[in-house]
Amino acid sequence: MVKRGSIARRASLKKALEAKRRLKHPFSAETEQSDADTPSEQDVVHTRSGRRSFGGSYDERAPPRATTEALRAIRAKNIRIAAEAKKKKPSLSERMSYISKKRFDPNPTEQDAVEEQVDDNDGRADNTADVVNEDPELTALKETNKKLLEQQKNLVKEIHCLKTRVKRAEEREIRTKRNMERKLKRLQDKTRQTADAESESSDSKYDGSNDSQLVGFSGVVDE
Numbered sequence: 134m135v136k137r138g139s140i141a142r143r144a145s146l147k148k149a150l151e152a153k154r155r156l157k158h159p160f161s162a163e164t165e166q167s168d169a170d171t172p173s174e175q176d177v178v179h180t181r182s183g184r185r186s187f188g189g190s191y192d193e194r195a196p197p198r199a200t201t202e203a204l205r206a207i208r209a210k211n212i213r214i215a216a217e218a219k220k221k222k223p224s225l226s227e228r229m230s231y232i233s234k235k236r237f238d239p240n241p242t243e244q245d246a247v248e249e250q251v252d253d254n255d256g257r258a259d260n261t262a263d264v265v266n267e268d269p270e271l272t273a274l275k276e277t278n279k280k281l282l283e284q285q286k287n288l289v290k291e292i293h294c295l296k297t298r299v300k301r302a303e304e305r306e307i308r309t310k311r312n313m314e315r316k317l318k319r320l321q322d323k324t325r326q327t328a329d330a331e332s333e334s335s336d337s338k339y340d341g342s343n344d345s346q347l348v349g350f351s352g353v354v355d356e
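Take the sequence shown: its letter number 142 is residue 275 in the working numbering, and every next letter is one higher.
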């Protein structure tokens, strides 16, 4: 029977030897640990996508075949729906013609497109014929009307300028009148102040020496 003390001493001795060995060769322990962590060749399993998987069951590494088939079906359905939507989309010329006539149809038929093209061609032909077969007298009248409109615009501008000038002249006249009234009032005030100053100075020059002769004077002259 092995005693517990001897087992403990043996374990402690083993730990001490291991620590001493690590001090002498510090990289040997890391190499052993990395070798222990690296999986062996039989543990490496190649998945369907070509990636290497370390451990784990087959279901965890790749989806089952039923799921893959369902994803492929959904992807194919989306592609088919996008292609059908692209076919139903009207062309740029069709959309522009419908927008110009205010009746845009999200799904126009070929007959509608042909009718729109015929209508556009007829309209262009009518416009061309009108330009070619235009009466020279009508052209002269148009030119005269254009000149008259230009003259009318010029007259309106001149009238506006004249009104502005008259208004400014009236304002200038009002300002001049106010300035003259202000100057006249200032001159009158100055004249009044001068007269008051002169009267005050004449009163101050009177000394009152003949006041005794006026005592007892009743203001009645004897005949």
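The beta-carbon is built from N, C-alpha and C at its ideal position, and this holds for glycine as well.
{"Item": "With H, G and I counted as helix, E and B as strand and the rest as coil, what does DSSP make of residue 329?", "Value": "helix"}
{"Item": "What's the gap between the Cα of residue 156 and the Cα of residue 201?", "Value": "55 Å"}
{"Item": "Give every residue of the same chain whose Cβ lies closer than 8 Å to the Cβ of residue 286, excluding the five residues on either side of it in the sequence, and list them in chain order.", "Value": "none"}
{"Item": "May I have the straight-line CA-CA distance separating residue 312 from residue 279, to the nearest angstrom?", "Value": "50 Å"}
{"Item": "Quick check: what's the CA-CA separation for residue 181 versus residue 226?", "Value": "Its pLDDT being 49, under 50, residue 181 is placed unreliably by the model, and the measurement read from it follows with that caveat. Each residue's alpha carbon lies about 49 Å from the other."}
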